[in-house]
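Enquirer: Just so you know, we're using the numbering used here here: the sequence shown kicks off at 1 and counts up by one.
We put the beta carbon where it would ideally sit given N, CA and C, even for glycine.
Only a predicted model underlies this, so the values are computations on that prediction, with no experimental measurement involved.
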Amino acid sequence: MDIPYTLSLLGSRIKLLEVLALIDGVKPAGRILCPEGKLRDTLAFLDGQGMAVEESPFKVLKDPSQGAYADRSFRAGRYDSRNGHVCLYVSKDSGRATEARDSEDRRDHRGFGLALGYPECCCAFFEEHFSASNTDLTLDTLEHSEGHVFPCYSTVAARHFDASLLSHFPCSFRCAESVALAQKHLNVLEKHAPEIAAAFMPLLRTGVVYARGDGPILLKGHRQEGSLISFDEVVAGRATKLYYLLSREKQLRVEGKNRIVVGGEVIEGKDRGVMVFQ
Ligand SMILES: [Zn+2]
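Below, the structure is given as structure tokens:
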């Protein structure tokens, strides 16, 4: 496969991994958000790879009022005049692609997750926590995870920087089935696109401070000594007050997964969290 072409067609490394895992048969079905302008070329490409594809009967429009990190979007009719994305349900098995399309169309989160091969525990977790007002489950996953130090495979925080080995929210950052899936996906990436696998790792293996609605702040080059985490560089999609504070201090103290101290300032609450992925 022509990796540079496929990457530019799909427009993201995460989507490239998804397609590679589908082609290798590691993933039974996938859902790919495709900009309408690229629909024809994407369908032709997937057909050329021997994949069965079903299209959503709706299109997805981003809700700009919610900010870039809210992961929030809404459905509109396929003939709506606004430009949006079409969901493509892709599988080697056409029955599975149809099942994925139909379960998402009737908003059956659990059935949809199972059709896509996500672990049952994570499908149940998603169904329990996801709602129109709670679409980013990163902090819910943290709440369900013991401690704050986790294997790097299960992070979903770096997806905002186009790096993730999982396309679902794990029920816990320790979910063994999710970690095993992520490792399989990493193997696929190493086989077909080793340079992308190498680019993923420093984004996955980081400390993360997460604030609901603001997305992640990655702490690169992190070192942990007891409750103290120091780091070389701070990367965020959004320059918030917390981002500047962390950039200046280059260290924080963990007093709990929802309570950190940075430069004498206490940052706490269920809508804040700290995680270390190693
Ligand atoms: Zn799970």
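So that I know if they touch, is there some Cβ in chain C lying closer than 7 Å to that of residue 225?
Expert: Absent here is chain C; the protein component of the structure consists of one chain.
Enquirer: First and last residue of the beta strand (DSSP E) that includes residue 277?
Expert: It spans 272-277 - the beta strand (DSSP E) in which residue 277 sits, taken as one unbroken run.
Enquirer: Which ranges would you report for the alpha helix (DSSP H) in the region 40-117 if only whole runs of at least 4 residues count?
Expert: List check, alpha helix (DSSP H) in window: 94-105, 109-115.
Enquirer: Between which two residues does the beta strand (DSSP E) carrying residue 230 extend?
Expert: Run containing residue 230: 228-230, per the beta strand (DSSP E) assignment.
Enquirer: Of all the alpha helix (DSSP H) runs that stay within the bounds of the region 235-271, which reach a length of 4 or more residues?
Expert: Within the region 235-271, the complete alpha helix (DSSP H) runs of at least 4 residues are 241-249.
Enquirer: What are the boundary residues of the beta strand (DSSP E) that residue 35 is part of?
Expert: Counting along the chain, the beta strand (DSSP E) containing residue 35 begins and ends at 30-35.
Enquirer: Which residues count as close to ligand 1 when the rule is a CB under 5 Å from any of its heavy atoms, in chain order?
Expert: So the residues near ligand 1 by this Cβ test are 119, 121, 122, 171, 175.
Enquirer: Do residue 190 and residue 197 count as a contact pair if the criterion is CB distance below 7 Å?
Expert: Cβ atoms of residue 197 and residue 190: closer than 7 Å.
Enquirer: In its own chain, which residues sit with a C-beta less than 8 Å from the C-beta of residue 263, not counting the 5 before and 5 after it?
Expert: Once the five neighbours on either side are set aside, the close Cβ partners of residue 263 are 245, 248, 249.
Enquirer: Hey, residue 221 and residue 160: beta-carbon distance below 7 Å or not?
Expert: In this structure, residue 160 does not lie closer than 7 Å to residue 221 by Cβ.
Enquirer: Going by beta-carbon coordinates alone, are residue 272 and residue 180 separated by less than 7 Å?
Expert: No, they are not a contact pair.
Enquirer: Taking all protein chains shown into account, decide if residue 279 is buried (16 or more other Cβ within 10 angstroms of its Cβ) or exposed.
Expert: The shown model of the chain, from 1 to 278, leaves out residue 279, and the question about it has no answer.
Enquirer: Determine the direct distance from the alpha carbon of residue 119 to that of residue 177, and round the result to whole angstroms.
Expert: Straight-line Cα distance between these residues: approximately 6 Å.
Enquirer: Would you tell me roughly how many angstroms separate the C-alpha atoms of residue 31 and residue 276, rounded to the nearest one?
Expert: For residue 31 and residue 276, the distance between alpha carbons rounds to 29 Å.
Enquirer: Figure out for me which residue from 11, 92, 126 has the closest Cα to the Cα of residue 108.
Expert: Answer by Cα proximity: 126.
Enquirer: Since residue 13 is in the beta strand (DSSP E), which residue starts that stretch and which ends it?
Expert: Residue 13 -> not in any beta strand (DSSP E); alpha helix (DSSP H) instead, spanning 13-23.
Enquirer: Looking only at DSSP bridge pairs, what is residue 225 linked to?
Expert: 228, per the DSSP bridge assignment.
Enquirer: Nearest-angstrom Cα distance between residue 231 and residue 242?
Expert: Their backbone Cα atoms lie some 15 Å apart in a straight line.
Enquirer: Pick helix, strand or coil for residue 131, following the three-state DSSP scheme.
Expert: Of the three classes helix, strand and coil, the one that applies to residue 131 here is strand, per DSSP.
Enquirer: Tell me residue 150's beta-bridge partners as DSSP assigns them.
Expert: In the DSSP output, where bridge partners are listed per residue, residue 150 has 277.
Enquirer: By Cβ distance below 6 Å, which residues in the same chain neighbour residue 227 in space, the five residues on each side in sequence not counted?
Expert: Excluding sequence neighbours, residue 227 sits near 253, 254.
Enquirer: For residue 48, does the count of other Cβ atoms within 10 angstroms reach 16, so buried, or fall short, so exposed?
Expert: Burial call: exposed.
Enquirer: Would residue 194 be called buried (16 or more neighbouring beta carbons within 10 Å of its own) or exposed?
Expert: Flag for residue 194 reads exposed.
Enquirer: Do the CB positions of residue 150 and residue 173 come within less than 7 Å of each other?
Expert: The answer is yes: Cβ separation under 7 Å.
Enquirer: Going by other Cβ atoms of all chains shown within 10 Å of its Cβ, with 16 needed for buried, is residue 104 buried or exposed?
Expert: With 16 or more Cβ atoms within 10 Å of its Cβ, residue 104 is classed as buried.
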